[in-house]
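Number of protein chains: 2
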Amino acid sequence: MNIIMDAMGGDNAPEAIVKGSIEALREYDVKITFSGKEGEIKKYLTDKNLLNRIEIINAEDVITNEDKPVKAIRKKKDSSMVKGMDALRNGYGDAFVSAGNTGAILSGGLFIVGRLPGIERPCLAPLFPNGKRFSLLMDAGANVDCKPAFLNQFALMGSIYMENVLKIESPKVGLINIGTEEGKGNKLVNDTFKLLKESELNFIGNIEARDIMSNNADILVCDGFVGNVVLKLMEGVAAELMSRMKDEILKTTKGKIGGYLIKDSMKKLMGQLDYSEHGGAPLLGLKAPVIKAHGSSDSIAIKNAIRQSKMFLDSGVNEIIKEELDKGGNSN
Amino acid sequence: MNIIMDAMGGDNAPEAIVKGSIEALREYDVKITFSGKEGEIKKYLTDKNLLNRIEIINAEDVITNEDKPVKAIRKKKDSSMVKGMDALRNGYGDAFVSAGNTGAILSGGLFIVGRLPGIERPCLAPLFPNGKRFSLLMDAGANVDCKPAFLNQFALMGSIYMENVLKIESPKVGLINIGTEEGKGNKLVNDTFKLLKESELNFIGNIEARDIMSNNADILVCDGFVGNVVLKLMEGVAAELMSRMKDEILKTTKGKIGGYLIKDSMKKLMGQLDYSEHGGAPLLGLKAPVIKAHGSSDSIAIKNAIRQSKMFLDSGVNEIIKEELDKGGNSN
Numbered sequence: 003m004n005i006i007m008d009a010m011g012g013d014n015a016p017e018a019i020v021k022g023s024i025e026a027l028r029e030y031d032v033k034i035t036f037s038g039k040e041g042e043i044k045k046y047l048t049d050k051n052l053l054n055r056i057e058i059i060n061a062e063d064v065i066t067n068e069d070k071p072v073k074a075i076r077k078k079k080d081s082s083m084v085k086g087m088d089a090l091r092n093g094y095g096d097a098f099v100s101a102g103n104t105g106a107i108l109s110g111g112l113f114i115v116g117r118l119p120g121i122e123r124p125c126l127a128p129l130f131p132n133g134k135r136f137s138l139l140m141d142a143g144a145n146v147d148c149k150p151a152f153l154n155q156f157a158l159m160g161s162i163y164m165e166n167v168l169k170i171e172s173p174k175v176g177l178i179n180i181g182t183e184e185g186k187g188n189k190l191v192n193d194t195f196k197l198l199k200e201s202e203l204n205f206i207g208n209i210e211a212r213d214i215m216s217n218n219a220d221i222l223v224c225d226g227f228v229g230n231v232v233l234k235l236m237e238g239v240a241a242e243l244m245s246r247m248k249d250e251i252l253k254t255t256k257g258k259i260g261g262y263l264i265k266d267s268m269k270k271l272m273g274q275l276d277y278s279e280h281g282g283a284p285l286l287g288l289k290a291p292v293i294k295a296h297g298s299s300d301s302i303a304i305k306n307a308i309r310q311s312k313m314f315l316d317s318g319v320n321e322i323i324k325e326e327l328d329k330g331g332n333s334n
Numbered sequence: 003m004n005i006i007m008d009a010m011g012g013d014n015a016p017e018a019i020v021k022g023s024i025e026a027l028r029e030y031d032v033k034i035t036f037s038g039k040e041g042e043i044k045k046y047l048t049d050k051n052l053l054n055r056i057e058i059i060n061a062e063d064v065i066t067n068e069d070k071p072v073k074a075i076r077k078k079k080d081s082s083m084v085k086g087m088d089a090l091r092n093g094y095g096d097a098f099v100s101a102g103n104t105g106a107i108l109s110g111g112l113f114i115v116g117r118l119p120g121i122e123r124p125c126l127a128p129l130f131p132n133g134k135r136f137s138l139l140m141d142a143g144a145n146v147d148c149k150p151a152f153l154n155q156f157a158l159m160g161s162i163y164m165e166n167v168l169k170i171e172s173p174k175v176g177l178i179n180i181g182t183e184e185g186k187g188n189k190l191v192n193d194t195f196k197l198l199k200e201s202e203l204n205f206i207g208n209i210e211a212r213d214i215m216s217n218n219a220d221i222l223v224c225d226g227f228v229g230n231v232v233l234k235l236m237e238g239v240a241a242e243l244m245s246r247m248k249d250e251i252l253k254t255t256k257g258k259i260g261g262y263l264i265k266d267s268m269k270k271l272m273g274q275l276d277y278s279e280h281g282g283a284p285l286l287g288l289k290a291p292v293i294k295a296h297g298s299s300d301s302i303a304i305k306n307a308i309r310q311s312k313m314f315l316d317s318g319v320n321e322i323i324k325e326e327l328d329k330g331g332n333s334n
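Heads up: the protein sequence lines correspond to chains Z and G, in order. Take 3 as the starting number for the first sequence in the working numbering and just add one per residue. Take 3 as the starting number for the second sequence in the working numbering and just add one per residue.
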């Protein structure tokens with residue numbers, strides 16, 4: 003199993019990418035192929051025992067967060083991302099991990115790696131803190147304009163992923179909506195409700211936005227615009243509340259002492275909400291696994307994204323998706 | 003100035019509605035017309051000095067939160083909401099306030115009160131905690147499927163409301179999006195961006211979801227599906243975080259003491275986020291002001307919603323909207 007790593011993507015690249023990959027090589031039975039600036043990558047390859055499981059595709063260019071996604075994928079042919087994805091398409095490796103520009107990863111996934119036959123749109127599916135557990139949010143931003151059939155496929159792919167990678171039996175699918183009853187919401191959501199109700203998935207109905215953090219769905223389905231708003235708003239509200247709480251507490255001596263005493267509890271709570279330990283967000287529906295790691299990934303998050311790629315491949319998710327689509331009479 | 007009150011709408015009706023109205027009668031130069039069960043309303047009318055400024059329209063039926071909005075407005079002719087809105091349409095009063103079923107208020111606004119000439123869709127516009135201030139969220143759920151022209155009109159109406167009712171000079175309009183640059187987002191948002199850029203409004207561009215609680219826009223524009231998701235998710239995340247924080251803190255003795263010490267600071271913070279003191283959410287774009295008070299409104303929130311109706315009427319928002327639409331060559 004050969005995992006291709008975009009060595010230059012993310013806030014802490016290449017150091018965190020290479021170090022996380024080395025930790026993964028020590029723990030898991032995988033090979034690593036780095037795509038990126040050979041000279042910089044080699045600086046961190048200090049353990050000579052691992053070198054026989056490492057390869058480097060030299061790529062001198064880098065796609066940054068400021069680059070326009072589609073243009074960058076088309077023009078920056080010598081970038082670590084494009085060269086890494088080219089290698090994936092050509093069968094040189096089995097999966098691709100990047101902590102770089104999300105839009106570019108989506109474009110590269112679509113234009114370089116390509117969709118699975120029968121899949122209308124690939125979908126970005128991060129794990130999302132939901133109640134005491136995590137659920138898959140699909141789509142988190144790959145497709146801002148969706149049709150009901152896309153959302154129905156997201157739910158199918160998500161169910162297969164949760165069942166086979168996260169080993170959740172008969173995973174529950176919820177539809178993000180502005181009310182719980184059937185008939186609520188906009189046209190897209192209404193039509194999607196009907197498709198999901200008729201499907202063989204374990205559809206549990208609409209999930210109201212106020213319950214997104216405290217419901218029991220394993221997969222939360224929505225279009226990529228709404229999903230992106232949900233994901234970022236949640237991060238923003240949590241950060242803003244914590245920052246204001248700190249401001250308020252530090253205004254009085256009593257508050258300062260209290261704040262000191264609850265510090266450990268708060269750390270524990272924040273840990274519960276941290277999804278980096280689950281690796282990255284898979285881009286589901288592509289011919290080979292592409293994992294988007296968080297831009298601020300440290301070496302541990304990178305190691306976890308590699309573990310996740312391995313589990314993705316071991317579980318045969320893509321093969322099962324293909325089988326299910328064939329069963330459903332889908333073809334493309 | 004005669005404010006019509008739906009005496010039977012909301013979790014604390016009729017008591018909170020009648021008591022809040024009495025407080026308003028003592029503070030403001032208004033008259034109150036209650037729509038609802040005369041017998042129940044009269045129980046709380048203990049101050050005989052105010053009776054000459056109070057009228058009652060007897061209505062024996064009530065629209066509940068379980069009622070289907072459109073059907074309820076059409077069938078429950080003897081409900082406090084329908085009779086109150088009928089009175090508004092017939093010029094018996096100047097504004098209507100209800101803490102009842104939101105969907106029914108929206109339907110009644112559209113079908114009984116009617117749109118201002120030239121307005122494509124009325125819009126529900128609650129005040130939303132944003133940074134250290136509040137901004138208007140439009141639309142918060144009245145229109146789940148929107149066209150760019152609707153959103154452009156929401157921005158116009160919101161600007162007029164913020165300028166004239168909340169006395170904010172040249173209010174800033176932001177567009178909720180999944181990125182800050184022009185060209186980001188779905189088709190609706192992209193096309194709306196162009197309209198807002200060409201308009202004479204003080205358009206400050208896209209506001210990313212992560213910054214919704216900490217930006218400097220006075221008006222946040224989006225379709226009613228997204229707006230409803232934003233509003234409810236924010237409430238849900240705040241409630242869930244606070245509840246989990248409490249759970250975590252109460253697990254240790256140290257945490258319990260700390261929690262006790264920060265109690266006052268936390269109360270203050272929650273007060274900052276509480277929008278009930280600003281009254282309710284106006285339904286903008288109707289022939290006469292309709293204010294949706296929060297379902298859980300107490301008498302103070304009701305008094306504030308009456309103050310808000312008075313300010314709405316005093317400021318002549320509807321007349322200014324009509325003028326602006328005439329200027330723009332809009333007609334319907």
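Glycine included, C-beta positions come from ideal geometry on N, C-alpha and C.
{"query": "Is the region 128 to 146 of chain Z in contact with the region 211 to 228 of chain Z, if contact means three or more CB pairs nearer than 8 angstroms?", "result": "yes"}
{"query": "Tell me which residues share the same chain as Asn332 of chain G and place their Cβ nearer than 6 angstroms to its Cβ, disregarding the 5 neighbours each side in the sequence.", "result": "A caution first: Asn332 of chain G carries a pLDDT of 46, below 50, which makes its placement in the model unreliable, though a value can still be read off. Cβ within range, chain order: Gly120."}
{"query": "Please confirm if Met83 of chain Z has its CB atom under 8 angstroms from at least one CB of chain G.", "result": "no"}
{"query": "Tell me whether the beta-carbon of Asn204 of chain Z lies closer than 8 angstroms to the beta-carbon of Ser172 of chain Z.", "result": "yes"}
{"query": "Pick helix, strand or coil for Glu202 of chain G, following the three-state DSSP scheme.", "result": "coil"}
{"query": "If contacts are defined as beta-carbon pairs under 8 angstroms, then Thr194 of chain Z and Leu168 of chain Z qualify, I think. What distance do you get, rounded to the angstrom?", "result": "That belief does not hold up - the Cβ atoms of Thr194 of chain Z and Leu168 of chain Z are roughly 23 angstroms apart, past 8 angstroms."}
{"query": "Does any residue of chain G bring its CB to less than 8 angstroms from the CB of Arg212 of chain Z?", "result": "yes"}
{"query": "Going along chain G, which residues have a C-beta under 8 angstroms from Phe156 of chain Z?", "result": "Simply none; closest approach about 16 angstroms."}
{"query": "Comparing the C-beta of Met140 of chain Z with each C-beta of chain B, is any distance below 8 angstroms?", "result": "Here the protein chains are Z and G, and chain B is not one of them."}
{"query": "Taking only runs of the beta strand (DSSP E) that begin and end inside the region 245 to 296 of chain G, which ones reach a length of at least 3 residues, in chain order?", "result": "283 to 286, 292 to 294"}
{"query": "May I ask you to list, following chain order, the residues of the region 238 to 256 of chain Z that have a beta carbon less than 9 angstroms from some beta carbon of chain G?", "result": "Gly238, Val239, Ala240, Ala241, Glu242, Leu243, Met244, Ser245, Arg246, Met247, Asp249, Glu250, Ile251, Leu252, Lys253, Thr254, Lys256"}
{"query": "Count the other C-beta atoms from every protein chain shown that fall within 10 angstroms of the C-beta of Met87 of chain Z, then say buried if there are 16 or more, exposed otherwise.", "result": "buried"}
{"query": "Using 8 angstroms as the limit for Cβ to Cβ distance, is Met236 of chain Z near chain G?", "result": "yes"}
{"query": "For Pro16 of chain Z and Asp147 of chain Z, what's the separation of their Cα atoms in angstroms?", "result": "34 angstroms"}
{"query": "Against chain Z, which members of the region 218 to 231 of chain G pass a CB distance test of less than 7 angstroms?", "result": "Phe227, Val228, Asn230, Val231"}
{"query": "Check whether the Cβ atoms of Ile75 of chain G and Gly38 of chain G sit closer than 8 angstroms, and answer yes or no.", "result": "no"}
{"query": "Just to make sure I have the definition right: I need the residues of chain Z whose C-beta is within less than 8 angstroms of the C-beta of Leu126 of chain G. Which are they?", "result": "The premise fails here: Leu126 of chain G is roughly 12 angstroms from chain Z at the closest Cβ pair, so nothing lies under 8 angstroms."}
{"query": "Roughly how many angstroms lie between the CA atoms of Lys21 of chain Z and Thr48 of chain Z, to the nearest whole one?", "result": "10 angstroms"}
{"query": "Using 8 angstroms as the limit for Cβ to Cβ distance, is Val146 of chain Z near chain G?", "result": "yes"}
{"query": "Is it buried or exposed, Asn51 of chain G, if we count other Cβ atoms within 10 angstroms and call 16 or more buried?", "result": "exposed"}
{"query": "Alpha carbon to alpha carbon, what distance is there between Leu233 of chain Z and Phe130 of chain Z?", "result": "8 angstroms"}
{"query": "Output the distance between the C-alpha atoms of Asn334 of chain Z and Leu112 of chain Z, rounded to the nearest integer angstrom.", "result": "Bear in mind that a pLDDT of 40 at Asn334 of chain Z, under 50, signals an unreliable position, so the number given afterwards is only what the model happens to contain. Rounded to the nearest angstrom, the two C-alpha atoms are 15 angstroms apart."}
{"query": "Residue range of the alpha helix (DSSP H) that Val223 of chain Z falls in?", "result": "Counting along the chain, Val223 of chain Z falls outside any alpha helix (DSSP H), though it belongs to the beta strand (DSSP E) covering 221 to 223."}
{"query": "Which ranges does the alpha helix (DSSP H) cover as unbroken runs of at least 4 residues, wholly within the region 49 to 112 of chain G, from first to last along the chain?", "result": "71 to 77, 82 to 91, 104 to 110"}
{"query": "Would you call the CB atoms of Ala241 of chain G and Val99 of chain G closer than 8 angstroms?", "result": "no"}
{"query": "For Gln274 of chain Z, count neighbouring Cβ atoms within 10 angstroms of its own Cβ and tell me buried if that reaches 16, exposed if not.", "result": "exposed"}
{"query": "For Leu271 of chain Z, would you say it is in contact with chain G, using Cβ-to-Cβ distances shorter than 8 angstroms as the test?", "result": "yes"}
{"query": "Three-state secondary structure (DSSP) at Pro173 of chain G?", "result": "coil"}
{"query": "Under 8 angstroms, with one C-beta from each stretch per pair, do the region 185 to 193 of chain G and the region 174 to 193 of chain Z reach the 3-pair mark?", "result": "no"}
{"query": "Going by beta carbon distance, what residues of the same chain come within less than 6 angstroms of Gly95 of chain Z, once the five residues before and after it are set aside?", "result": "Asn4, Ile6, Thr35, Ala89"}
{"query": "Cα separation between Glu210 of chain Z and Gly181 of chain Z?", "result": "5 angstroms"}
{"query": "Within the 8 angstroms Cβ cut-off, does Leu288 of chain Z reach chain G?", "result": "no"}
{"query": "Against chain Z, with Cβ distances strictly below 8 angstroms, would Lys189 of chain G count as a contact?", "result": "yes"}
{"query": "From the beta carbon of Ser216 of chain G, is the nearest beta carbon of chain Z less than 8 angstroms away?", "result": "yes"}
{"query": "Could you confirm whether any beta carbon from chain Z is found closer than 8 angstroms to the beta carbon of Ile178 of chain G?", "result": "yes"}
{"query": "Look at the alpha carbon of Met164 of chain G and the alpha carbon of Lys33 of chain G, and state the distance between them as a whole number of angstroms.", "result": "25 angstroms"}
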